[in-house]
Amino acid sequence: MVSHEEVQAALSARIDGEKAELDDAIVDAHVSGCAECRAFLDRSLALSQSLGGDSAMAPPQDLSAAILAGVDNEWRRFARRRELGMGVGRVMLGVMAVVWVLWAVRLILSGGEEPIVASAASVRFGVALALGFTAWRPQQIPGVVLIVGTMFTFTVGFAVRDFVLGTGAFELAGVLIPLLSLVALVWTWVADRGGAWRRAWQMLDARPY
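Once you know that position 71 of the sequence shown is 71 in full-length UniProt numbering, the rest is easy, because the numbers rise by one and skip nothing.
Okay, structure coming up:
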């Protein structure tokens, strides 16, 4: 006489497609007269069908191609934006370098051989050289920003003082040229390093994507 455990083990093997230790005729004869084993068979068949349906609805296992495609598209868009921003920034820096050279030449032609004029002209030539260098090597922008920003701040301060006290003529170029140079430097730096700062901020803000 076979036991319930042996019959149920044979039923499980049959459902899984494995070879059972008992003959199918013996198992079927036992199930036809045993309510417990019949209930076990019904539960096993229902569970097998449920698992089969879930596996059919399961998502594809290999998603690497789709993920990499999305990342690649995002990276291409970022690279295009960076390239465009860097191109505009370098053009602006080159133009401002030429403006500083012309400004220095104008000062020399109008001021003669005075030491103060020569010193101011050399400073303008130096700023022009620095702007041209940053157009070639944007990594050096932070150091030049400090110089141009300080010049702009002091120029604005002296211009406001002269305007309030009425002690001198206000020269628009003395404020406008350093301001535009500062804008060109900041623009190029943001285009070059803005992506890294944005990613760092997103990581600090717990939003890495």
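Beta carbons are placed, not taken as given, at the ideal position from N, Cα and C, and that holds for glycine. All values reported here derive from a predicted model rather than from experimental measurement.
Distance CB(residue i)-CB(residue j) smaller than 8 Å
| i | j | result |
| --- | --- | --- |
| L185 | V144 | yes |
| A135 | L93 | yes |
| A10 | L22 | yes |
| V31 | A20 | no |
| L182 | G149 | yes |
Closest residue to residue i among the options (Cα-Cα distance)
| i | options | result |
| --- | --- | --- |
| A130 | F154, A97, I108, V164 | A97 |
| R43 | D23, T134, I15 | I15 |
| L41 | N73, L93, E6 | E6 |
| R137 | A29, E36, S32, G87 | G87 |
| D192 | A79, S50, A20 | A79 |
| R106 | L146, G174, Q140 | G174 |
| A121 | L45, Q139, L102 | L102 |
| G126 | A104, P142, G194, Q139 | A104 |
| G132 | R161, F154, V99 | V99 |
| Q139 | V190, A25, A13, A29 | V190 |
| L45 | V123, V95, T167, S12 | S12 |
Distance between residue j and residue i (C-alpha atoms, nearest Å)
| i | j | result |
| --- | --- | --- |
| E18 | C34 | 23 Å |
| L172 | S119 | 20 Å |
| S110 | F163 | 23 Å |
| E36 | S48 | 18 Å |
| I147 | R77 | 34 Å |
| V160 | I108 | 25 Å |
| G85 | W75 | 15 Å |
| A29 | Q8 | 13 Å |
| P142 | L165 | 35 Å |
| V117 | G194 | 39 Å |
CB-CB length for residue i against residue j, believed under 8 Å
| i | j | result |
| --- | --- | --- |
| T188 | R90 | 7 Å |
| P115 | M151 | About 20 Å; that fails the 8 Å criterion. |
Entirely enclosed alpha helix (DSSP H) segments - the segment 129-170, minimum 4 residues: Here the runs fully enclosed are 141-165.
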